[in-house]
Amino acid sequence: MATPADVAEVRSAQRDVVDLALAELARWWREVIAALSGDARAVTAQMEAITGDLVAVYGDAAALIAADWYDELREQAGAPGRFQARMADPAPREQTAAVVRWATVPLFGAQPDPQQALQHLSGGVQRLVLQPARDTIADSVDADPADARWARVPSGATTCAFCRLLASRGAVYHSQETAGGAANEYHGGCDCVPTPIWPGQSEPYDVDALLQEYNAARAKAGGDPKAILAQMRKDLGIN
Ligand SMILES: [Zn+2]
Numbered sequence: 130m131a132t133p134a135d136v137a138e139v140r141s142a143q144r145d146v147v148d149l150a151l152a153e154l155a156r157w158w159r160e161v162i163a164a165l166s167g168d169a170r171a172v173t174a175q176m177e178a179i180t181g182d183l184v185a186v187y188g189d190a191a192a193l194i195a196a197d198w199y200d201e202l203r204e205q206a207g208a209p210g211r212f213q214a215r216m217a218d219p220a221p222r223e224q225t226a227a228v229v230r231w232a233t234v235p236l237f238g239a240q241p242d243p244q245q246a247l248q249h250l251s252g253g254v255q256r257l258v259l260q261p262a263r264d265t266i267a268d269s270v271d272a273d274p275a276d277a278r279w280a281r282v283p284s285g286a287t288t289c290a291f292c293r294l295l296a297s298r299g300a301v302y303h304s305q306e307t308a309g310g311a312a313n314e315y316h317g318g319c320d321c322v323p324t325p326i327w328p329g330q331s332e333p334y335d336v337d338a339l340l341q342e343y344n345a346a347r348a349k350a351g352g353d354p355k356a357i358l359a360q361m362r363k364d365l366g367i368n
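Residue numbering for the sequence shown follows our numbering, beginning at 130 and increasing consecutively.
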């Protein structure tokens with residue numbers, strides 16, 4: 130069974146991959162800023178290309194870590210049937226390009242703000258690098274003949290209301306249809322770890338505590354998910 134230590138270990142391996150990607154991004158960022166006086170369209174095209182490469186290379190590394198982890202946990206679980214994790218593809222180029230175009234808007238305003246643009250882009254790269262790792266877990270759970278599920282396991286110092294709500298469901302997620310679209314959404318900077326769970330196993334975090342939090346907010350706010358999230362943010366003093 131995945132223990133909190135297992136989750137922390139894979140989380141730290143994934144963070145190393147993200148850190149390498151962000152270090153490369155920051156190194157290359159200085160060149161981007163130096164080139165800004167030139168043609169904006171050319172600069173953007175170059176950023177799209179370089180960020181696309183970065184996301185593909187580090188995304189593959191993150192997906193490989195996730196696939197190995199899945200296979201290891203599956204073996205530990207003694208899950209029946211032969212199955213190997215399916216490594217997901219890196220984020221599509223067009224998705225990365227859209228993130229670059231969004232993130233770099235502050236570069237081209239009346240008062241260019243490179244710092245804010247880099248911050249946006251770093252959040253986007255973090256999310257895009259981890260995307261194939263998360264997809265690897267979700268896709269493998271779907272394809273696994275042993276009735277696997279996955280849970281969104283919170284990690285790190287703080288966890289936002291959106292992630293807490295999804296984590297409060299426990300290990301229920303298996304296909305995109307039954308989980309609902311939101312289960313597969315991650316915000317930039319999110320350090321939650323989708324973790325596979327097999328029948329008979331329990332989640333490596335306190336699902337009940339999160340569910341109580343959610344129920345308390347729901348009792349005050351009513352059934353609208355947006356209102357519940359707002360209530361959780363207010364009650365818990367979180368994002
Ligand atoms: Zn999260």
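For glycine and all other residues, C-beta sits at the position ideal for the given N, C-alpha and C.
Per DSSP, reduced to three states, the secondary structure at residue 354 is helical. Each residue's CA atom was taken as its position, placing residue 153 and residue 260 some 18 Å apart.
Residue 297 places its beta carbon 8 Å or farther from that of residue 140. Annotated three-state conformation of residue 324 is strand, per DSSP. Within the same chain, and ignoring the five residues on either side of residue 193 in sequence, the residues whose Cβ sits closer than 7 Å to its Cβ are 216. Taking all protein chains shown into account, residue 231 has fewer than 16 neighbouring C-beta atoms within 10 Å of its C-beta and is therefore exposed. Runs of alpha helix (DSSP H) with 4 or more residues, each lying fully within the stretch 213–247, are found at 222–232, listed in chain order. If you draw a 10 Å sphere on the C-beta of residue 251, you find 16 or more other C-beta atoms in it, and that means buried.
Secondary structure note for residue 282: it is in no alpha helix (DSSP H), and the uninterrupted beta strand (DSSP E) holding it is 278–282. Residue state for residue 302 is assigned as strand, using DSSP reduced to three classes. By the Cβ-count criterion, residue 234 is exposed, with fewer than 16 other Cβ atoms from all chains shown falling within 10 Å of its own Cβ. Scanning 364, 203, 349 and 137 for the CA closest to the CA of residue 328 turns up 203. Exposed is the label assigned to residue 132, since fewer than 16 other Cβ atoms lie within 10 Å of its Cβ. Inclusion of residue 364 and residue 346 in the CB contact set at 8 Å is warranted, their separation being smaller than that value.
In summary, residue 269 is buried, with 16 or more beta-carbon neighbours lying within 10 Å of its beta-carbon over all protein chains present.
For residue 257 against residue 188, the beta-carbon gap comes to about 7 Å, under 8 Å, which counts as contact. In the structure shown, residue 196 adopts helical secondary structure according to DSSP, grouped into three states.
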